[in-house]
Amino acid sequence: MAFPQTILSGRIISASDGHAVTGANIHLKRSGLNVTTGKDGTFRISLSSDNDTLVVSYIGFVTRQFPVQKNTPFIEIKLNALVSELQAVVVNTGYYKVPRERATGSFTQIDNQLFNRSVSTNVMDRLEGVTNSLLFDRRNIQGENPAGQSPQIRVRGVSTIESGQSPLIVVDNFPYESDITTINPNDVESITILKDAAAASIWGARAGNGVIVITTKQGRINQKAKISLNSNVTVGKKPDLYYNQSFLPSPIVMGIEKEQFNKGGVYPEAPETAIPAYVELLIKKRDGLITGDEFTVQEASMKLVDVRSEALNYLYQESVNQQYALNVSGGGTNNSYYFSAGLNDDKAFVSGDRSRRMTLNLQNSFIPLKGLELSTALWYTNRKTENNGLPVSDLTSSSVLVGQVSPYARLADDSGNALPIIKDWRQTYIDQAVSQGLPDWSFRPVDEIRLTDNTAHGNEIRMNAGLRYTFFRNFNMNASYQYLHNNNQTRNYYSPESYYVRNLVNRFTQADGTRVIPYGGILEGRSPYETTGNSGRLQVNYQKDFNRGNRLTALGGAEVREQVMTYSPGYRLYNYDDDIAVGNNVFNYTQFYTTRPMGAALIPAPDQATARFTDRYLSYFANAAYTLSDRYIVSASSRWDASNIFGVNTNQKGVPLWSVGGSWELSRENFFPLSGVVPYLRLRATFGSSGNVNNAVSSLPVALYGTDSRTRLPNAALTSAGNPDLRWEKVKTVNTGLDFALKDRRVSGSIEIYRKYARDLIGADYMDPTTGIILGATPLIQNKINYAGLNTKGADFQLTSLNIKGPFTWESALLFSVVKNKITGYNTDQALTFDYYTADPVPPVKGRSVDAIYALPWRGLSHDTGLPVVYLNGERTEDYGDFYNNLSVDSLVYAGVTSPTAFGSLRNSFTWKGIQLSATLTWKGGFVFRRNSITPGDEYRRNYHQDYFKRWKAPGDEQFTNVPANAAYDTYLDYSYRASEALITKGDHIRLQDIQLSYMLPAATIKGLGLQSVRIYSYLRNLGILWRANDNNLDPDFFNADYPSPFTASFGLEIGF
Amino acid sequence: MKMRMIFTVTLALLLLTSSCGKDFLDEKRDKNQVVPSAIADFQALLDDASRTMNTNSGNELELIGADEYFISDQAWEGLPANATAYERKGYYWAKDDVYEKQQVRDWNYAYRKILYANTALEGIEEIAPKADETAAWNNVKGSALFFRAFNFYQLAQVFCKPFDASSASADPGIPLRLKPDITAPVTRATVSETYARIIEDLKNAAGLLPELPLVKYRPSKAGVYALLAKTYLVKEDYENAERYADSSLHITNSLIDFNTLNLTVTYPFPTNMQNNPEIIFISYILNIPILQTSRMRINPELYASYDDNDLGKNACFLKNADGYYTFRGSYYGSQVPMFTGLSTDEVLLIKAECAIRNGSISEALSSLNYLLQNRYDRSSFTPVAAANAEELLKEIIDQRRKRLLLRGTRWEDLRRLNKDPRFAQTLVRVLKGVRYELPPGDLRYVWPLPDNVIEISGLEQNPR
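Sequence order for the protein chains is A and B. Position in the first sequence counted from 1, then plus 280, gives you the working numbering. Position in the second sequence counted from 1, then plus 6, gives you the working numbering.
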């Protein structure tokens, strides 16, 4: 006989705010029954046995268990939020928002707290080291100002060979193809990174490199006005000029110059050709223009000079960056608003360089009728950059006999007066200028900084309008529109005193003294450009919650986008008077004028470049997810794209990109044995495809006009045959993941393993000549088609642990990623000789990584000569020319990859009362780079490098050094060392990326001041390398740069009113 | 802003509900890019004469393999580095690896021209011409069809078996590229499909082109008919060949009179081909090392076959220091490039041959004599008299060899006439003491497809 059934009822509320918890899972252990709570948080479940255990669980809350009996009355259960998950993480794809627990795809979310942990003026800078799978690759950073150059960002490695590798950046639901530094990080609420196909394929043909979705702050309905003020100052050290090893100290360089001078034939002593200052001194001594004593004194003082310390004194400064951000947000019952203003003032570490950014943001939303929401948003950014600095690399002489600035060059005398350095012409020639009635022709770097006014201006306005209408209870329709416009221009003013003007005037002064170019200021504007974007989207969403934890969400829609970029001609005014803004541009730009000291030239004319690029996209998309019993989720997504970049056939019958995914929350199963220890365990798997667009290849036939040499009729040659099948590159991704959390979230994390199969990659192909495309024939018809392939595989780990809990907490976050790629299809041009493989870029080869680097095998230095040991046909040879001429691609060895294959970070945070301290360690490994060195005779070509001191000098040295002995310069000898494995250097390193310290004032202290919150913080960045695999003192992130990003320290205050 | 929003939402709705996205997507990305789209653009492509359309004609292999010349062992050994493998090895009809992976210009440049023609054809179809543009539109379409047919014809003579009605529908032809899409797969048609396409294209072109062109680099109705006559001739369809020869001659039968040439200059023919009344359509091959005048020796038997009062015997040859004769008779009017286009002399010879094959000795005689009176010394010229048909046919075939010297037609004649025992002959080369023979009907009358075509597209290779 069955037990009489009784109904047990109750209500689930959140312990923190008392709000009803909708959709919580109610489970009876013995009977196995499941129900979910309704809108008001209540539930009813039938009890079929006398005693049972009620299990209440909900995403983001601690699961609770209660013994229940037949006579248990209506119970109210308070659920506590999980410690490190005060609110469920909601990821935003740009099309929909979904709690991460309900998504099958691979997402990383960087919340506001983590995002604001670091201090920077650029959004992207804050992403380094805080998320796995995201690599900041700095191979491309060269020369000076490394912080001002954007690293290549790779999301889960690379999935293209020749096209762009950058992920798609989405700001407030629309692709953002403007300069990301335009966005004020203080306006950013959160960032979601879409990593696999299920997450990204809704972005279709643009998502192949991953998607970074930036969501800005918004006001909330029914929220009291909140005012927040954030202000900070960041001070940066001067750059480490001593890092650059392509430098030799003054006495050495002077010795080399003296040797060359004594040898003769190196310095031609032509009246005008610039030669180094020390050589001038040697000439004066030789010609008896100075006494031996004078020479000795001058020589001795030259030897003491180090131009780097001169430059640090006069050309560089400590950088100071100030940021102010104010925002006000709130909302009534029918509206919400957000207003922010930001000012960023950045005095760069190069004296004379400065940038300012002002941002304004105004957002409003209204609910005029129930179910209808209108929203508008306006962003405005104004930027101004001053570029008057003269970093040391700008001091390089135009004469190859001088090259980079001499180490003994002085920039100012003892009392700080600017001194001239050798620039374009010989000192003795320049010295005659004034006596010939010409303006002074000297170049004094320290003065130049204030003699020019070079600025760049940019304005950007972005407007969003949206309309959301809810109907039939489960549906809502969303229409949104975005308008973007920016313009960018430069205005360079050279005062009459500037070297630029004086040099130009003097060069064009005719023999009789007539000036072709007036001696006055010059004002120029380089080709300004502007971008206008219009995007519109219409989307219908559906959501229905069934009982027992079943839920269906679906959406579909269409999107149309156009972005037009226009370059206009520039201007150029001579004899420009900045006070009255009058100048002259009426010149004969086609006449060659005799120039001093020799030759003839045209008057520099205004920039005439004009261009216009139009990118258009039309897309349809759909996405659906079904949740069964709160534990099984299946999702599917599809997107069809057409674009004016693709070929006609692609647009007509293009195949949609799609993805499917599934997840299983194992820990919700009754049979799950470890629910006590592992309360949360979920498996995920997805498969699908997304695309990558290459707009450098034309889908249309392109012709080059001319006149036929025989018929004299207009003719046209095809440079592109067009390709109606030109399409996006396709990236198929398989992703499997495991998410877990141990009891009380003491340890939680995820492991994801993925494989990406990039197909239809654009690449130059050997075409069957039957197509009409002949390799090597001129004019070349473009032979880039969709055919190549690349596989990437990798894994991402993330582990968060709460090591110590209590008044003092210690949390750790460990991130680790491994990624490798291999080209699976590419027809390398067989005509490329071996030297192409040791140059940059390296030709892609099937079976190798796109990041491969090749080198000559290194067999050490000869015991007798100290020169590289090389073999020809198995025999040692000292004929490097013969050796070189018999090299082939097969002579090279594969020396590794130049992009890190393993990287990650460890962040430890300590909290005690209001104090928080955290530090991030980052590491990169599994990669190499080719470092610079000095080859025999290099110094005679003015290529200096500190390996000069490590050169082989005597037999036996070959055991300690790989740097060859000095010898006469020889191209082939040079190659045998420069291209060799000896210079392939391991890149592995660990870096102390940053330290952050903040103090939140106790509420009691500030209440009296009428404040909500006060936070004082400090942030230190670029603290340096803790360990590196190379013993050359090189920072593998900056091996091509003149110095690493300088250390910065920020101090700030954040007040909430 | 609101207006823009309404506009965009409306646009999105429109695009959603109809398929009018085409115009939206037709905008070219880079405004500076010249995308051929107007009639004049396509005409300019087809007028890329001296760089593409009229140069590098696909006759190299025909010339290399034919019996009009020979070279000494020394000259063969001394061929420069830029000489191709198929010059060295094709000279003695080597069986194996005649290309040694090198690119084959005959194939490559023919298909490049076909790509230009297909680009023009596809583009011109997109344009609806206004009334005053019809002639220009027709000229583009007709020219493109002609250029395509001209090159298909040439490829068929080199890379396909001679036309044989009994096997043509099975014999492998050439890839018939009819669209400019470079990603479309490459496959071989049959010989009969190949000729059907050539004839269809030419017949379509005939109605579109002017009788005579603005410049002789451009196709014309006269050229279309001449090429149709040639095509039917290699198909051994002598009735149609005669018909189209007549059609071409009806438009122009002008000849250059050798009696008016100044034979004392090195190159007696007009250097401006436009001024040579005999030329209908200009086409030529550039210099290839083996045929350079310094190396190439005219077959002495061929030279000897010229009558003494045949002005061609002088106008076409130049005696080298070694006693051998070399060639100076190209209608290109200078040393190296060899004329391979269409001209009235060839059409007259087709007319004569077909007339006799079709039974009209008198018509054959009148065409032949009209040609020869412009070739022989007028003071001593005696018209060919009516012998029997057999004799006359032999004479005409003989004249073809002499009049159309080094234009590539000799190879085509050998392929066609070797089937007829009356004319069949075995070619012989002697190189470094080794004797090589090419007997009638040999597989080597069909050149292999280029190695890279086989490698990339996996086409069926010609047996050799």
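Glycine included, every Cβ here is placed at the ideal spot set by N, Cα and C.
Euclidean distance between Cα positions of Phe1327 of chain A and Leu569 of chain A: Answer to the nearest angstrom: the Cα atoms are 48 Å apart.
If we count Cβ pairs, one from each stretch, closer than 8 Å, do we get three or more for the stretch 1040-1051 of chain A versus the stretch 1087-1100 of chain A? no
Would you tell me roughly how many angstroms separate the C-alpha atoms of Tyr1228 of chain A and Tyr774 of chain A, rounded to the nearest one? 40 Å
Please specify which runs of the alpha helix (DSSP H), each continuous and at least 4 residues long, are wholly inside the stretch 262-340 of chain B, giving them in chain order. If you keep only unbroken alpha helix (DSSP H) runs of at least 4 residues inside the stretch 262-340 of chain B, you get 306-310, 318-321.
Kindly provide the ranges of any beta strand (DSSP E) runs that are 3 or more residues long and lie completely inside the stretch 755-810 of chain A, ordered along the chain. 755-774, 801-805
Taking all protein chains shown into account, decide if Gln367 of chain A is buried (16 or more other Cβ within 10 angstroms of its Cβ) or exposed. Caution is warranted here: a pLDDT of 49 is assigned to Gln367 of chain A, below 50, making its placement in the model unreliable, and no coordinate value can be reported.
Would Asn1165 of chain A be called buried (16 or more neighbouring beta carbons within 10 Å of its own) or exposed? exposed
Under the three-state DSSP convention, the category Leu1293 of chain A falls into: For the sequence presented, residue 1293 of chain A should be read as Ser rather than Leu. Of the three classes helix, strand and coil, the one that applies to Ser1293 of chain A here is strand, per DSSP.
Could you give the first and the last residue of the continuous alpha helix (DSSP H) run that contains Gly1043 of chain A? In the DSSP assignment, Gly1043 of chain A falls outside any alpha helix (DSSP H) and lies within the beta strand (DSSP E) extending over 1027-1044.
Going by the C-beta, is Lys357 of chain B closer than 7 Å to any heavy atom of the ligand HEM? Although the ligand HEM was asked about, the structure shown includes no ligands whatsoever.
Using a Cβ-Cβ distance cut-off of 8 Å, determine whether Val982 of chain A contacts chain B. Yes, contact with chain B.
Going along the chain, which residues of the stretch 862-889 of chain A sit with their C-beta nearer than 8 Å to a C-beta in chain B? Result list empty, no residue passes.
If you follow the alpha helix (DSSP H) that His256 of chain B is part of, which residue opens it and which one closes it? 244-257
So which of A:Leu993, A:Ile507, A:Ser1168 has the shortest CA-CA distance to Gly611 of chain A? A:Ile507
Beta carbon of Val1208 of chain A, beta carbon of Gly1267 of chain A: below 8 Å? yes
Is it the case that the Cβ atoms of Leu448 of chain A and Arg486 of chain A are separated by a distance below 8 Å? Yes, they are a contact pair.
Give the interface partners of Ile204 of chain B over in chain A, defined as CB-CB distance under 8 Å, in chain order. Those do not exist, as Ile204 of chain B stays about 17 Å from chain A at its closest Cβ, beyond 8 Å.
Three-state secondary structure (DSSP) at Leu161 of chain B? helix
Which of the three DSSP states, helix, strand or coil, is assigned to Met743 of chain A? strand
Closer than 8 Å by C-beta to Arg892 of chain A: which residues in its own chain qualify, once you throw out the five before and the five after it? Chain order, please. The answer, listed in chain order, is Val844, Met845, Thr846, Tyr847.
Give every residue of the same chain whose Cβ lies closer than 6 Å to the Cβ of Leu1186 of chain A, excluding the five residues on either side of it in the sequence, and list them in chain order. Leu1094, Leu1201
According to DSSP, simplified to helix, strand and coil, what is Met878 of chain A? The answer is coil: DSSP assigns Met878 of chain A none of H, G, I, E or B.
Could you tell me whether the Cβ atoms of Tyr337 of chain B and Arg303 of chain B are closer together than 8 Å? no
Alpha helix (DSSP H) segment containing Leu239 of chain B, residue limits: Its alpha helix (DSSP H) spans residues 227-240.
Between the CA atoms of His299 of chain A and Arg291 of chain A - distance to the nearest angstrom: 10 Å
Closer than 8 Å to chain B by CB, Asp1109 of chain A: no
Kindly list the residues whose CB is nearer than 6 Å to the CB of Leu423 of chain B, restricted to its own chain and excluding five residues on each side of it in sequence; keep chain order. Hits under 6 Å: Phe429.
If contact is defined by three or more beta carbon pairs under 8 Å, each pair taking one atom from either stretch, is the stretch 989-1000 of chain A in contact with the stretch 137-145 of chain B? no
Could you have a look at Asp1268 of chain A and say whether DSSP puts it in helix, strand or coil? The three-state secondary structure of Asp1268 of chain A, taken from DSSP, is coil.
Close beta carbons around Val785 of chain A, own chain, < 8 Å, minus the five adjacent residues each side: Leu718, Pro719, Arg795, Ile797, Pro798, Tyr799
Would you list, in chain order, the members of the stretch 60-83 of chain B that have their beta-carbon closer than 7 Å to a beta-carbon of chain A? none
Using 8 Å as the Cβ pair cut-off and three pairs as the minimum, do the stretch 57-70 of chain B and the stretch 156-164 of chain B touch? yes
Can you tell me which residues form a DSSP beta bridge with Thr656 of chain A? A:Asn644, A:Ala745
Would you say the stretch 235-243 of chain B touches the stretch 286-298 of chain B, given that touching needs at least three Cβ pairs under 8 Å? no
Asn1339 of chain A to Tyr1117 of chain A span [Cα, whole Å]: Absent from the model: residue 1339 of chain A. The displayed extent of chain A is 281 to 1337, so no value can be given.
Assess, as a yes-or-no matter, whether the stretch 864-879 of chain A is touched by the stretch 819-836 of chain A under the definition of 3 or more beta carbon pairs within less than 8 Å. no
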